[in-house]
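Every position in the sequence shown, counted from 1, becomes a number in this note's numbering once 74 is added.
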Amino acid sequence: MRIVKTIKALRQILDEKRRKGQRIGFVPTMGYFHEGHLSLMHRAKKECDCCVVSIYVNPKQFGPKEDLSRYPRDIKRDSAMIEKENVDILFIPSDNDVYPNCYLTYIDVEKISNSLCGKYRPGHFKGVATVVAKLLHMVQPDVMCLGQKDAQQVVVLKQMVADLDFPVQIRVVPTSREKDGLAMSSRNIHLSITERAQAPVLYRALKEAVKRVEAGERSSSKIMAIIKNTITRFSSGKIQYVACVDAGTLEPLEILKGKVLIALSIFFGKTRLIDNVIILIKKSRKV
Ligand code: AMP
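The structure is reproduced here in structure tokens:
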């Protein structure tokens, strides 16, 4: 695995690989790896000859009161962890390379950036779209792998890629979970022992919702109430939002139909956790 720290060096290496006809797979991350990140790398390597992983804690996607300074960083740990994962290039650009002093250009994927997480994190998806667009220009991959864990990010980035004609295919990889159901996240290390013990409630609540939908419940408000009750009954987590939306457009649904995204964001102390499930509701045939 080569560790590359400048855009120029990255371009030279990747130009050479492309000349040899190699397909490039790309996994953008903010580092502090866990199994979820590794599953994206496996997917990229499975489809492509060369797997490029970036680590960049993007300041533009953190609000002024958010956790940029306490976001976990450990490049030594990360590079050791992926040494055995068949990653070809670990790209770690500097702040100065990504956002030089004169930086002025942003990408705003309208509407779908402003609901769900975006409602509570203004500017977050503008930062995400901007940095991913830049990384796509730097790496020019054939395939980019993203995690379903960040469902809104997937929708926003798919829209950006379509709108701006990026020649990349997006692959969405299922959420990796701990044995007790908690979605893996770099932020989980901030949870206290009590919070960690309670955090699986997010997935428990989502599974309860799925069970009710499978049993025939179609009222979005009822499903949201079930989720909220489960969270408050079994944990001290503070609910930021629970939502049932169309998985493609992120439009809120009153009556559940089609491909439904049930998403939530819960605070345990200062740590914000998100999770989601997608359910496909088949049309019942009228007789
Ligand atoms: P991050 O480093 O948190 O920005 O995440 C980098 C990529 O890994 C994003 O595409 C995330 O959606 C994905 N990811 C994060 N957590 C998980 C997880 N538990 N399972 C699958 N993918 C994940």
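The beta carbon of each residue, even a glycine, is placed where N, CA and C say it ideally should be. Bear in mind that the values here come from a model prediction, so they are computed numbers and not experimental data.
Nearest-angstrom Cα separation, counted from residue j out to residue i
| i | j | result |
| --- | --- | --- |
| isoleucine 87 | serine 113 | 24 Å |
| glutamine 222 | isoleucine 355 | 19 Å |
| arginine 346 | lysine 232 | 24 Å |
| arginine 245 | glycine 201 | 21 Å |
| methionine 104 | glycine 290 | 40 Å |
| aspartate 139 | arginine 195 | Before going on, a small fix: residue 139 reads as lysine here, not aspartate. If you take the alpha carbons of lysine 139 and arginine 195, they lie about 10 Å apart. |
| leucine 324 | asparagine 350 | 13 Å |
| threonine 204 | methionine 212 | 12 Å |
| glycine 311 | lysine 91 | 48 Å |
| aspartate 89 | glycine 110 | 29 Å |
| leucine 338 | arginine 93 | 44 Å |
| tyrosine 130 | leucine 142 | 12 Å |
Opening and closing residue of the alpha helix (DSSP H) in which residue i lies
| i | result |
| --- | --- |
| lysine 193 | 190-194 |
| isoleucine 305 | 294-308 |
| aspartate 182 | Where aspartate 182 is concerned, there is no enclosing alpha helix (DSSP H), given that its DSSP letter is neither H nor E. |
| lysine 95 | Residue identity check: residue 95 is glycine in the sequence provided, not lysine. Unbroken run through glycine 95: none, as it is neither H nor E. |
| alanine 203 | 198-213 |
Distance cut-off 7 Å: residue i Cβ against heavy atoms of the ligand AMP
| i | result |
| --- | --- |
| histidine 111 | yes |
| aspartate 141 | no |
| glutamine 227 | yes |
| glycine 221 | yes |
| threonine 204 | no |
| cysteine 114 | It is leucine, not cysteine, that sits at residue 114 in the sequence shown. Result yes, Cβ under 7 Å from the ligand AMP. |
| valine 247 | yes |
| glycine 105 | yes |
Identity of the residue in the options nearest residue i by Cα
| i | options | result |
| --- | --- | --- |
| aspartate 171 | Leu209, Val351, Asp123 | Leu209 |
| arginine 76 | Thr103, His111, Cys125, Arg117 | Cys125 |
| isoleucine 149 | Asn160, Gly137, Leu164, Ser143 | Leu164 |
| glutamine 272 | Met298, Ala257, Phe308 | Phe308 |
| histidine 186 | Ser339, Arg292, Ala321 | The amino acid at residue 186 is misidentified as histidine; the sequence shows isoleucine. Checked all of Ser339, Arg292, Ala321; the closest Cα to isoleucine 186 is Ala321. |
| serine 294 | Arg278, Ile156, Cys318, Leu178 | Cys318 |
Element boundaries [beta strand (DSSP E), containing residue i]
| i | result |
| --- | --- |
| tyrosine 315 | 312-320 |
| aspartate 239 | Where aspartate 239 is concerned, there is no enclosing beta strand (DSSP E), given that its DSSP letter is neither H nor E. |
| arginine 76 | 76-78 |
Cβ-Cβ distance between residue i and residue j below 8 Å
| i | j | result |
| --- | --- | --- |
| proline 146 | serine 128 | no |
| lysine 82 | serine 168 | no |
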